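Enquirer: Here it is, the structure, as structure tokens.
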Amino acid sequence: MTPSATSFNVVLATDGNQAWVPSELLAVDNGLRQVGNALLRYSSNATQVEDAFNRVFTTNTGTAPGLVLVVRVNTSTDLSYVSAAPDVRISFTSQGISYVDIPYEDINQGYCKAFPEGLFSGQVRPRAVICNGSLLDNYTGAAGGEVSSYTLIHELGHVFDFLTGTPVGNDINGGLSIEFGLDTFYRLEDCSMSRVMDDQSGSSDWTRGERGWGSGPAASQRDGAGAPIAPLITQFQQNPTFAQNIKTNEEILEASADMFLNWVYRVSTDLLFPPVNTCVSIPTPTPEHWIGDGFLNRSWANGTASVGTTLPGSSDATLSGDTRLFKIHTIIQGFFNSHLSW
Ligand SMILES: [Zn+2]
């Protein structure tokens, strides 16, 4: 089957052990279109979703072909790259050029992993999203987990994070995650100046927060003090990793990718663009002024859900979802302001 995503500068490949199934191909195509739609709203150059996507996601450092590789694999083989976890070598062809045995490291079974472009093990390699085996999906509890549009967009969020690093075009640092506190103090507040996501003032903690996401809760279990201890994957929180009372890079990187995911869905469908700071809108909007996909003005604090169930959360009059949207919008608008070819 010819992938329908070929108008995007995206190459779909496999390791020969796990084929792309038709529903996954549809999900990938839909995910690319959603991302392209979101980016198109910011681009002053592109008129098509494919072009809007390609201008951003093929931003080239000159060290690898400007494309995004999206790969389905099924392997438990450790090729001894970096740590003891499954590794793959991927061969593919793009624009008449053959790439052979490009190595990607440490992709655990049941998970997807995103890679920046650059040099690894002596070879140049493109940006990639690689998904290994039957994906874990605590939201539906379904076996044989497939790559969904949400999964793909979360992973593309990591890719975007890498490619917006500083300096411009450098894949070493993550632009979004740096903005959200990876190497600085950062605090996101709602319309009542209460913490939504960030470093906690006066402590070394950092939290993704439990309000303002497009779905929740983020926990399937909590300890006696109500702290989440077992993350729950939901559509708009694809990796709600918690680290209690400490600031870890992983929780910031995962929250940043989920912020990108929620931004994509809301911005690509919200008729109000560009987003405004609704905290100063008169009259103050109701929390339910947005009930579509992506950032919602809802709270799942203290909530838990079993596999296969959802909780509706509660209405959040302090507009935590709008606050998240306006913040990431401001950051991404800034990236466009400094990447004039986008
Ligand atoms: Zn992730």
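Going by numbering that gives the first Met the number 0, the letters in the sequence shown line up with residues 0 to 341, in that order.
Built from N, CA and C at the ideal position, the CB exists for glycine as well.
Only a predicted model underlies this, so the values are computations on that prediction, with no experimental measurement involved.
Pick out whichever of VAL10, GLY291, CYS190, GLY320 has its Cα sitting closest to the Cα of ILE281.
Expert: Reading the sequence shown from its first residue, position 282 is the one you call residue 281. For ILE281, the nearest C-alpha among the options comes from CYS190.
Enquirer: If you drop the 5 nearest sequence neighbours on each side, which residues of the same chain put their C-beta closer than 6 Å to that of GLU116?
Expert: Counted from its first residue, the sequence shown places residue 116 at position 117. For GLU116, where only same-chain residues beyond five positions count, the Cβ hits under 6 Å are ALA63, PRO125, ARG126, ASP170.
Enquirer: DSSP state of ILE171, grouped into three classes?
Expert: By 1-based counting over the sequence shown, the position of residue 171 is 172. At ILE171, the pLDDT of 48 sits below 50, so the modelled position is not reliable; the number obtained from the coordinates is stated separately. In the structure shown, ILE171 sits in coil (DSSP, three-state: anything other than H, G, I, E or B).
Enquirer: Quick check: the stretch 316 to 324 against the stretch 292 to 303, are there 3 or more CB pairs under 8 Å?
Expert: A contact exists between the stretch 316 to 324 and the stretch 292 to 303.
Enquirer: I need the residues with a C-beta less than 6 Å from some heavy atom of ligand 1; please give them in chain order.
Expert: Taken from the N-terminal end onward, the list reads HIS153, HIS157, ASN238, GLU253, ALA256.
Enquirer: For the structure I just gave you, are there three or more beta carbon pairs, one from the stretch 23 to 32 and one from the stretch 148 to 164, closer than 8 Å?
Expert: As far as the Cβ criterion goes, the stretch 23 to 32 touches the stretch 148 to 164, which means the pair count is three or higher.
Enquirer: Kindly indicate the opening and closing residues of the beta strand (DSSP E) around TYR103.
Expert: For the purposes of this step, residue 103 is identified with residue 104 of the sequence shown, where counting begins at 1. 96 to 103 is the extent of the beta strand (DSSP E) around TYR103.
Enquirer: Use the C-beta contact count for GLU253: other C-beta atoms within 10 angstroms, 16 or more gives buried, fewer gives exposed.
Expert: Working through the sequence shown from its first residue, we reach residue 253 at position 254. Buried is the call here.
Enquirer: Within its chain, find whatever has a CB closer than 7 Å to the CB of ILE330; leave out the 5 residues flanking it on each side and keep chain order.
Expert: As a first step, residue 330 must be located in the sequence shown, where it is residue number 331. Hits under 7 Å: LEU175, GLU178.
Enquirer: The beta strand (DSSP E) spanning LEU187 covers which residue range?
Expert: Here residue 187 refers to the residue found at position 188 of the sequence shown. It spans 186 to 188 - the beta strand (DSSP E) in which LEU187 sits, taken as one unbroken run.
Enquirer: Since ASN131 sits in a beta bridge, which residues does DSSP pair it with?
Expert: Within the sequence shown, numbered from 1, the residue matching residue 131 stands at position 132. According to DSSP, ASN131 bridges with VAL72.
Enquirer: Exposed or buried, THR206, counting other C-beta atoms within 10 Å across all chains shown (16 or more means buried)?
Expert: For the purposes of this step, residue 206 is taken as residue 207 along the sequence shown, with counting starting at 1. Buried is the call here.
Enquirer: Can you have a look at VAL9 and say buried or exposed, based on whether 16 or more other CB atoms are within 10 angstroms of its CB?
Expert: On the sequence shown, residue 9 is found 10 positions in, with the first residue counted as 1. VAL9 comes out buried.
Enquirer: Is the separation between the beta-carbon of PRO216 and that of THR303 shorter than 8 Å?
Expert: Against the sequence shown, residue 216 aligns to sequence position 217. Against the sequence shown, residue 303 aligns to sequence position 304. Yes, Cβ-Cβ distance for PRO216 and THR303 is below 8 Å.
Enquirer: Assuming the contact rule is C-beta atoms closer than 8 Å, ASN131 and GLN108 should be a hit. Round their C-beta distance to whole Å, please.
Expert: What you label residue 131 is simply residue 132 of the sequence shown in a count that begins at 1. What you label residue 108 is simply residue 109 of the sequence shown in a count that begins at 1. That belief holds up - the Cβ atoms of ASN131 and GLN108 are roughly 5 Å apart, short of 8 Å.
Enquirer: Quick one: what does DSSP say ALA254 is sitting in, helix, strand or coil?
Expert: Your numbering for residue 254 matches position 255 in the sequence shown. ALA254: helix per DSSP, three-state reduction.
Enquirer: If you measure between the beta carbons of ASP197 and ALA256, is that distance less than 8 Å?
Expert: Within the sequence shown, residue 197 is the residue found at index 198, counting from 1. Within the sequence shown, residue 256 is the residue found at index 257, counting from 1. No.
Enquirer: Determine the direct distance from the alpha carbon of SER313 to that of GLU287, and round the result to whole angstroms.
Expert: Along the sequence shown, one-based indexing puts residue 287 at 288. Along the sequence shown, one-based indexing puts residue 313 at 314. Each residue's Cα considered, the two are about 11 Å apart.
Enquirer: Could you compute how far the alpha carbon of LYS326 sits from the alpha carbon of GLY15?
Expert: For the purposes of this step, residue 326 is taken as the residue at position 327 of the sequence shown. For the purposes of this step, residue 15 is taken as the residue at position 16 of the sequence shown. Cα-Cα distance, rounded: 42 Å.
Enquirer: Spell out the partners DSSP gives VAL9 in its beta bridges.
Expert: What you label residue 9 is simply residue 10 of the sequence shown in a count that begins at 1. Per DSSP, VAL67.
Enquirer: Got a sec, what are the start and stop residues for the beta strand (DSSP E) PRO230 sits in?
Expert: As a first step, residue 230 must be located in the sequence shown, where it is residue number 231. 227 to 230 is the extent of the beta strand (DSSP E) around PRO230.
Enquirer: Within 10 Å of its beta-carbon, does GLY208 have 16 or more other beta-carbons around it, so buried, or fewer, so exposed?
Expert: For the purposes of this step, residue 208 is taken as residue 209 along the sequence shown, with counting starting at 1. Buried, since its Cβ has 16 or more Cβ neighbours within 10 Å.
Enquirer: Would you mind giving the Cβ-Cβ distance between ILE89 and VAL70, rounded to the nearest angstrom? I have them listed as a contact below 8 Å.
Expert: Position 90 of the sequence shown, counted from the first residue, corresponds to residue 89. Position 71 of the sequence shown, counted from the first residue, corresponds to residue 70. About 6 Å; that satisfies the 8 Å criterion.
Enquirer: Over the uninterrupted beta strand (DSSP E) stretch that includes ILE89, give me the two end residues.
Expert: Within the sequence shown, numbered from 1, the residue matching residue 89 stands at position 90. 87 to 93 is the span of the beta strand (DSSP E), which, as asked, contains ILE89.
Enquirer: Just checking my contact of ARG40 with VAL266 at CB under 8 Å: how many whole Å lie between their CB atoms?
Expert: As a working mapping, residue 40 is identified with position 41 in the sequence shown. As a working mapping, residue 266 is identified with position 267 in the sequence shown. Right, their Cβ atoms sit about 6 Å apart.
Enquirer: With 16 other CB atoms within 10 Å as the buried threshold, where does ASP100 fall?
Expert: By 1-based counting over the sequence shown, the position of residue 100 is 101. Result: exposed.
Enquirer: Who are CYS111's beta bridge partners in DSSP?
Expert: Taking the sequence shown and counting its residues from 1, one reaches residue 111 at position 112. Beta-bridge pairing links CYS111 to CYS130.
Enquirer: Specify, as a first and last residue, the run of the beta strand (DSSP E) that VAL271 falls within.
Expert: Counting from 1 along the sequence shown, the entry for residue 271 is found at position 272. The amino acid at residue 271 is misidentified as Val; the sequence shows Leu. Counting along the chain, LEU271 falls outside any beta strand (DSSP E), and DSSP gives it neither H nor E.
Enquirer: Enumerate in chain order the residues of its own chain whose CB-to-CB distance from PHE272 is below 8 Å, with the five nearest sequence positions on each side excluded.
Expert: Here residue 272 refers to the residue found at position 273 when the sequence shown is read from its first residue. Hits under 8 Å: ARG40, VAL266.
Enquirer: Identify whether PRO2 lies in helix, strand or coil by the three-state DSSP scheme.
Expert: One-based indexing of the sequence shown puts residue 2 at position 3. Only weak support exists for where PRO2 lies, its pLDDT of 36 falling under 50; the coordinates are left without a value.
Enquirer: Beta-carbon separation of THR13 and VAL195 under 8 Å?
Expert: Position 14 of the sequence shown holds residue 13. Position 196 of the sequence shown holds residue 195. Going by C-beta atoms, THR13 is not nearer than 8 Å to VAL195.
Enquirer: Does the beta-carbon distance from HIS153 to GLN237 come in below 8 Å?
Expert: On the sequence shown, residue 153 is found 154 positions in, with the first residue counted as 1. On the sequence shown, residue 237 is found 238 positions in, with the first residue counted as 1. Closer than 8 Å, so yes.
Enquirer: Specify, as a first and last residue, the run of the alpha helix (DSSP H) that GLY117 falls within.
Expert: Taking the first residue of the sequence shown as 1, we reach residue 117 at position 118. Note, GLY117: premise wrong, no alpha helix (DSSP H); beta strand (DSSP E) at 117 to 119.
Enquirer: Could you give the DSSP three-state label for SER79: helix, strand or coil?
Expert: Counted from its first residue, the sequence shown places residue 79 at position 80. Coil.
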